[in-house]
């Protein structure tokens, strides 16, 4: 195919993806109430735990705040709902240039990355009540005429940021496996770096949690480190099979 043909094909794929995104946003507009309830679950869970339904309220500081929030939620949800279509369009644009082996590697990557990303989002939702509990403990409850109100925009930004970061963090081991399958990194090299990886996991856990929430940091870091070790074991198995098949071409890493 000529360069012009590639550009026409890309335009066609992107047009279909854009139409799917718009349809997904329209469908998501009818789900915003449910999504808002789901995103506010951490607040509800903590309020039930302390037995105070008036623990806090989400507030909008502008006239168009509620509309802006619903539009942003519909856009993100529409991106997720329409993801099978736009991912397929991008996939079909790329796959003609892949070999059969590369095709199945990419399929395996997607099959592993999507559940891990969803798992990271679920873990983040489960840990958020603990984050709110720790940060709310610094609120001076014995001071009169002082109330605790969460700004809706800041709260949703915090929740979305934590969901995305946790999802990406859970997918990171898949990239490690991909580098091993590509022959760039050996399993022994991955295993030797476990101390640095443990430090990075702790730093990541600190980044996605509040500064005073040690429990969330340790839990998140522990899960990421376990996923890293699972990726390491997989890489070692792949290297062992490669060495058995081609011992003369496989050089061990000292």
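In this note's numbering, the protein residues as written are 934 to 1187. For each residue, glycine too, the CB sits at the ideal point set by N, CA and C.
* Supposed close pair residue 1124, residue 1165 - CB separation, criterion 8 Å -> 5 Å
* To do: Go ahead and label residue 1168 buried or exposed: buried means 16 or more other beta carbons lie within 10 angstroms of its beta carbon, across all protein chains shown.
  => buried
* Asked: Helix, strand or coil: which one does DSSP assign to residue 973?
  -> coil
* Asked: With DSSP run on the structure shown, which of helix, strand or coil describes residue 1083?
  -> strand
* Are there 16 or more other CB atoms within 10 angstroms of the CB of residue 1090, so buried, or fewer, so exposed? -> exposed
* Asked: Would the segment 970 to 986 and the segment 1015 to 1028 be scored as touching if the rule is three or more Cβ pairs under 8 Å?
  -> no
* Using three-state DSSP, classify residue 1012 as helix, strand or coil. => helix
* To do: Using the Cα positions of residue 1162 and residue 1016, report the straight-line distance between them to the nearest angstrom.
  => 30 Å
* To do: Can you say whether residue 1141 is buried or exposed, counting buried as having 16 or more other CB atoms within 10 angstroms of its CB?
  => buried
* **8 Å Cβ cutoff met for residue 1134 and residue 1112** => no
* Would you call residue 1048 buried or exposed, if buried means 16 or more other Cβ atoms sit within 10 Å of its Cβ? -> exposed
* Asked: Between residue 1103 and residue 1138, is the Cβ-Cβ spacing less than 8 Å?
  -> no
* To do: Compute the Euclidean distance between the alpha carbons of residue 1093 and residue 970, then round it to the nearest angstrom.
  => 14 Å
* **Closest residue to residue 1105 among 1066, 1160, 1005 and 1084 (Cα-Cα distance)** => 1160
* Asked: residue 1026 and residue 943 look like a contact to me (Cβ under 8 Å); what is the Cβ gap, rounded to whole Å?
  -> 6 Å
* Please list, in chain order, all residues of the same chain as residue 1038 whose beta carbon is under 7 Å from its beta carbon, the five residues on each side excluded. => 1114
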